[in-house]
Amino acid sequence: MNKVFIIAEAGVNHNGSVELAKRLIDAAVEAGADAVKFQTFKAEKLVSKNAAKAEYQKQTTDKAESQFDMIKKLELDEATHHGLMSYCKSKNIMFLSTPFDHESIELLNTLGLEIFKIPSGEITNLPYLRHIGKLSKKVILSTGMTDIGEIEDAVDILMEAGTKKENITVLHANTMYPTPMEDVNLRAMVTIGKTFDVSYGYSDHTLGIEVPIAAVALGASCIEKHFTLDCSMEGPDHKASLEPDELKEMVKAIRNIELSLGSSIKKPSKSEMPNMHVARKSIVAACKIKKGELLSEEKLAIKRPGNGTSPMRWDEIVGTKASKDYQEDELI
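Here the sequence shown stands for residues 30 to 361, numbered as in our numbering.
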């Protein structure tokens with residue numbers, strides 16, 4: 030029940046190649062992720078022909094190429110979706126994809142997608158939110174570039190359309206690729222969870238793995254992280270993605286954090302119980318003591334091991350009479 034849902038975000042790092050997409054799925058499986066996520070869109074429905082690229086996209090792709098031309102090459106058709114879903118099933122990993130338009134929402138719904146991921150860029154898209162809300166599926170909502178009021182509007186729209194609150198997970202995010210550490214604002218993730226009383230998590234675009242690990246320690250139930258086979262590949266998201274070994278390390282660290290968080294009940298653990306007799310102390314004889322002698326403070330000491338009378342009973346023992354003879358260091 031406390032297992033963090035880890036999404037390995039392949040996104041468009043397949044570069045339009047089915048073979049590369051399958052290798053990404055293999056890497057996600059090898060890393061131990063719960064799901065591998067792609068992106069579903071029709072370029073004509075997503076972006077205007079004259080729309081500019083983001084600055085980070087200009088730095089990682091051909092500057093002379095338009096945003097439309099860039100993403101047109103990254104479309105996955107319906108047949109490819111079927112193939113990748115089948116491949117994921119054979120590898121026992123969940124297939125996910127983020128839809129960016131109404132046609133893509135319908136395609137993924139027809140394919141039986143269990144969870145719908147809403148990207149940060151669509152959180153102010155009222156018709157889009159209603160469309161997904163009406164499906165009554167589980168929803169993961171990213172919140173990059175938003176304030177708390179915009180998140181409230183989006184959650185309300187999803188619920189009014191038919192999605193149950195308990196089926197909504199809200200992810201804190203920052204949509205700069207890569208995100209500067211000073212802009213992560215990880216405490217805002219906890220604010221989201223408390224404000225809306227929903228499951229919360231974190232979609233990470235920083236370099237490295239320490240921030241998603243910290244998010245899990247702060248209570249994240251879902252982590253999403255971009256990955257690639259090679260950060261030096263051409264494409265908009267490769268440079269801000271983990272390579273397979275790093276993804277594996279992130280998953281391993283998250284699973285260890287899950288174990289370490291425990292039950293919240295403070296009590297001796299099973300592993301440390303044997304050490305209690307070794308590390309704690311008991312009341313012992315500081316010298317030879319004859320039966321019937323008064324147990325004064327001078328005749329008593331507190332030393333290891335801890336399997337005798339607890340020093341917390343000091344006041345109870347001091348002033349009583351010895352019930353037997355004691356040798357020095359013998360447990361009282």
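Positions of the beta carbon are idealized from the N, C-alpha and C atoms, including for glycine.
Whole angstroms is fine: what's the gap from residue i's alpha carbon to residue j's?
| i | j | result |
| --- | --- | --- |
| Leu247 | Glu287 | 11 Å |
| Asn196 | Glu345 | 58 Å |
| Thr198 | Gly337 | 52 Å |
| Leu155 | Ile186 | 8 Å |
| Arg216 | Met123 | 29 Å |
| Ile100 | Asp106 | 13 Å |
| Thr109 | Asn44 | 13 Å |
| His131 | Ala282 | 37 Å |
| Gln68 | Ile238 | 22 Å |
| Lys317 | Ser292 | 47 Å |
| Arg309 | Ile361 | 15 Å |
| Gln86 | Asp266 | 8 Å |
| Pro340 | Ile331 | 7 Å |
| His255 | Glu301 | 39 Å |
| Ile12 | Ser149 | Not covered by the structure: residue 12. The range shown for the chain is 30 to 361. |
| His75 | Glu151 | Correcting the residue identity first, residue 75 is Leu in this sequence and not His. Straight-line Cα distance between these residues: approximately 11 Å. |
| Lys32 | Val240 | 18 Å |
| Ile252 | Pro303 | 37 Å |
| Leu342 | Ile312 | Going by the sequence as given, residue 342 is Arg instead of Leu. Distance between the alpha carbons of Arg342 and Ile312 is about 9 Å. |
| Lys350 | Leu323 | 4 Å |
| Tyr116 | Phe97 | 29 Å |
| Phe34 | Leu200 | 12 Å |
| Pro334 | Ser298 | 19 Å |
| Phe129 | Asn214 | 26 Å |
| Gln356 | Gly321 | 14 Å |
| Thr175 | Ile36 | 22 Å |
| His111 | Lys296 | 51 Å |
| Ser327 | Asp358 | It is worth fixing the name first, because residue 327 is Glu in this sequence and not Ser. If you take the alpha carbons of Glu327 and Asp358, they lie about 13 Å apart. |
| Lys102 | Glu73 | 12 Å |
Can you say whether residue i is buried or exposed, counting buried as having 16 or more other CB atoms within 10 angstroms of its CB?
| i | result |
| --- | --- |
| His306 | exposed |
| Met30 | Caution applies to Met30, whose pLDDT of 46 falls short of 50 and renders its modelled position unreliable; the value that the coordinates give is listed next. Exposed, because fewer than 16 other Cβ atoms sit within 10 Å of the Cβ of Met30. |
| Ser362 | The chain is shown only over 30 to 361; residue 362 falls outside these bounds and no answer can be derived. |
| Asn203 | buried |
| Asn42 | buried |
| Ile294 | exposed |
| Ala57 | buried |
| Ser250 | buried |
| Gly348 | exposed |
| Ile134 | buried |
| Gly177 | What sits at residue 177 in the sequence shown is Ile, not Gly. So Ile177 counts as exposed. |
| Ala81 | exposed |
| Lys277 | buried |
| Leu290 | exposed |
| Glu263 | exposed |
If I follow the unbroken alpha helix (DSSP H) through residue i, where does it start and stop?
| i | result |
| --- | --- |
| Tyr355 | Per DSSP, Tyr355 belongs to no alpha helix (DSSP H) and is neither H nor E. |
| Ser119 | 107–119 |
| Tyr85 | 84–89 |
| Phe97 | 96–101 |
| Val58 | 47–60 |
| Glu179 | 177–190 |
| Ala72 | 72–75 |
Where do the ends of the beta strand (DSSP E) carrying residue i lie?
| i | result |
| --- | --- |
| Asp233 | 228–233 |
| Lys167 | 167–171 |
| Lys254 | 251–255 |
| Glu38 | 34–40 |
| Lys66 | 64–69 |
Given 8 Å as the limit, is there contact between the stretch 269–287 and the stretch 248–260, that is, 3 or more CB pairs closer than that?
Contact between the stretch 269–287 and the stretch 248–260 is present, because at least three Cβ pairs lie under 8 Å.
Enumerated in chain order, which unbroken segments of the beta strand (DSSP E) with a length of 3 residues or greater are wholly contained in the stretch 273–347?
311–314, 329–332
Which whole runs of the beta strand (DSSP E) in the stretch 128–154 are 3 residues long or more, in chain order?
144–147
Counting pairs of Cβ atoms below 8 Å between the stretch 198–212 and the stretch 225–238, do you hit three or more?
yes
Measuring CB atoms only, is the stretch 53–67 touching the stretch 82–92, in the sense that at least three cross pairs come out at less than 8 Å?
Output reads no: the stretch 82–92 does not touch the stretch 53–67.
Quick check on the DSSP output: what are the complete beta strand (DSSP E) runs of length 3 or more inside the stretch 194–246, in order along the chain?
197–202, 228–233
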